[in-house]
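Student:
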Amino acid sequence: MRFLVSHIIDVIAEHIGGGGSQLCSSADVARVLKHYNRINEILMSHQDWPGTEDNICLPVFDSVFTLPPRFESIKAFRSDAGTLPILPLGFQYLEGTLAQCHPASALQCLGQHFATMRDLPRPLPVFAVTDATEEFTITIHGTDEQGRHRRASLPVLRAYPDVSPQSSSFTFATITAIVKPITKGNVELAGWDDATGEMLWLSSLAPDESSPSLTRYTIPNFDHCKPQHVKACVSAAYRELWDLNEVAIIQAREPYRLMTQSLAHYDRSETGPGSEFAARALKLLKQRSAKAKIGQEIAVPIRRNNALPNRHGYSVRG
2 MRFLVSHIID VIAEHIGGGG SQLCSSADVA RVLKHYNRIN EILMSHQDWP GTEDNICLPV
62 FDSVFTLPPR FESIKAFRSD AGTLPILPLG FQYLEGTLAQ CHPASALQCL GQHFATMRDL
122 PRPLPVFAVT DATEEFTITI HGTDEQGRHR RASLPVLRAY PDVSPQSSSF TFATITAIVK
182 PITKGNVELA GWDDATGEML WLSSLAPDES SPSLTRYTIP NFDHCKPQHV KACVSAAYRE
242 LWDLNEVAII QAREPYRLMT QSLAHYDRSE TGPGSEFAAR ALKLLKQRSA KAKIGQEIAV
302 PIRRNNALPN RHGYSVRG
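Shown next, in the form of structure tokens:
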């Protein structure tokens, strides 16, 4: 059974005075969801649990690969060229000649601060489209061809235009940040080339996304003549969930019961009982995580801590 958010908050409500049968007002639901998101943030700061890992397969058409917003990092990776080690952000190649230790033969993290799934291929004006019914604007921050900061507030269109859309009054060479309100629909961001009438998709923003910060990797030895297919074991990114019908991030209920009691004690400055309930919740999750992996076929090997072995002839600095 796949647990939904509604299944989890019933357990939480029993221990914060609401009770599952009493969640009849939006204020009650919002109060329990606040506890739910607080517990998620704490648990996901420790490690991956059942439901926070996933295997994805995506085509890549450039040497840079950006994870979809729901994922935070890659734990294991395989492309058409084979399995590659993963270098962390800040890796510096210092010395040596072994091919397998050089950054040119490894996937390297470029950071977790990117605003769009794809970069603009050239300076272009941009526009946004939504499937929501309300009217709103989004704010785009970036730079122009001279590297100067630019900021544009764009009215979001309700349908893709057949002719030149209402876009930013000047061109962006890069987009560094997007600021969007919480909406009732998705938003698509694209660039527009007036000379050719070409639309270039850049990114999609979910209703609850307000300022995306995406993780990006660079892929070595990329063949630009043909797309590659990426298979990766990925870790889910923490995000707040407010839809009761959405699939819960962590697929377990009892740990939430224990963590709710833990936070209640911590909030009363009772650190002893608070620590005890938290330890029980983490122990239960670790047991379930170990049980879930028994007998599973591992599609791609996982290198712990994204570390390369320190062999003769080279060294690494993180």
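If you count the sequence shown from 1, position 281 lands on 282 in my numbering, and the numbers rise without skipping. Ideal placement from N, C-alpha and C gives every residue a C-beta, glycine not left out. All of these numbers come straight from a predicted model, not from anything done at the bench.
1) So what does histidine 230 bridge to, in DSSP terms?
2) So proline 256 is in the alpha helix (DSSP H); what residue range does that whole segment cover?
3) Report yes or no: do the segment 280-288 and the segment 71-83 share at least 3 C-beta pairs separated by less than 8 Å?
4) Any heavy atom of the ligand NAP within a distance shorter than 8 Å of the CB on glutamate 189?
5) Give the single residue among His47, Pro122, Cys110 whose Cα lies nearest to the Cα of arginine 217.
6) Aspartate 11 to lysine 287, Cα distance in whole Å?
7) Thinking lysine 181 and serine 211 are a contact (beta carbons under 8 Å), I'd like their distance in whole angstroms, please.
8) Provide the residue span of the beta strand (DSSP E) that contains valine 12, from first to last.
9) Would alanine 66 be called buried (16 or more neighbouring beta carbons within 10 Å of its own) or exposed?
10) List the endpoints of the continuous alpha helix (DSSP H) containing aspartate 29.
11) Which runs of the beta strand (DSSP E) spanning at least 3 residues fall entirely within the segment 147-195, listed in chain order?
12) Thinking leucine 59 and valine 235 are a contact (beta carbons under 8 Å), I'd like their distance in whole angstroms, please.
13) Comparing alpha-carbon positions, which option in Ser290, Gly273, Tyr257, Thr272 lies nearest isoleucine 323?
14) Can you tell me the Cβ-Cβ gap for leucine 245 and valine 61, rounded? I've got them flagged as a contact below 8 Å.
15) Identify which residue in Thr175, Asp209, Ala249, Ala160 has its Cα closest to the Cα of lysine 185.
16) Relative to the C-alpha of tyrosine 37, which residue among Ala129, Ile220, Tyr239 is closest?
17) Taking glutamine 109 as part of the beta strand (DSSP E), name the residues at either end of that continuous run.
Tutor: Based on what the coordinates show:
1) The residue you call residue 230 lines up with position 229 of the sequence shown. Per DSSP, Pro60.
2) Indexing the sequence shown from 1 puts residue 256 at position 255. Segment 255-268, the alpha helix (DSSP H) holding proline 256.
3) no
4) As far as ligands go, the structure on display features none, and thus does not contain the ligand NAP.
5) In the sequence shown, counting from the first residue as 1, residue 217 sits at position 216. Here the closest residue by C-alpha is Cys110.
6) Counting from 1 along the sequence shown, the entry for residue 11 is found at position 10. Counting from 1 along the sequence shown, the entry for residue 287 is found at position 286. Their Cα atoms are separated by approximately 23 Å.
7) Here residue 181 refers to the residue found at position 180 when the sequence shown is read from its first residue. Here residue 211 refers to the residue found at position 210 when the sequence shown is read from its first residue. Right, their Cβ atoms sit about 5 Å apart.
8) The sequence position of residue 12 within the sequence shown is 11, counting from 1. That residue, valine 12, is in no beta strand (DSSP E); its alpha helix (DSSP H) goes 6-14.
9) The count along the sequence shown starts at 1 and reaches residue 66 at position 65. Looking at the sequence shown, residue 66 is not alanine but phenylalanine. Buried, by the Cβ-count rule.
10) Residue numbering aside, residue 29 sits at position 28 when the sequence shown is read from its first letter. Counting along the chain, the unbroken alpha helix (DSSP H) around aspartate 29 starts and ends at 27-45.
11) 150-156, 175-180, 188-194
12) By 1-based counting over the sequence shown, the position of residue 59 is 58. By 1-based counting over the sequence shown, the position of residue 235 is 234. Not quite, the Cβ-Cβ distance comes to about 10 Å (not below 8 Å), so this is no contact.
13) The structure shown has nothing for residue 323, since the chain only spans 2 to 319.
14) If you number the sequence shown from 1, residue 245 lands on position 244. If you number the sequence shown from 1, residue 61 lands on position 60. Not a contact, Cβ separation roughly 35 Å.
15) If you number the sequence shown from 1, residue 185 lands on position 184. Here the closest residue by C-alpha is Asp209.
16) As a first step, residue 37 must be located in the sequence shown, where it is residue number 36. That would be Tyr239, whose Cα lies nearest to the Cα of tyrosine 37.
17) For the purposes of this step, residue 109 is identified with residue 108 of the sequence shown, where counting begins at 1. From DSSP, the beta strand (DSSP E) with glutamine 109 extends over 108-115.
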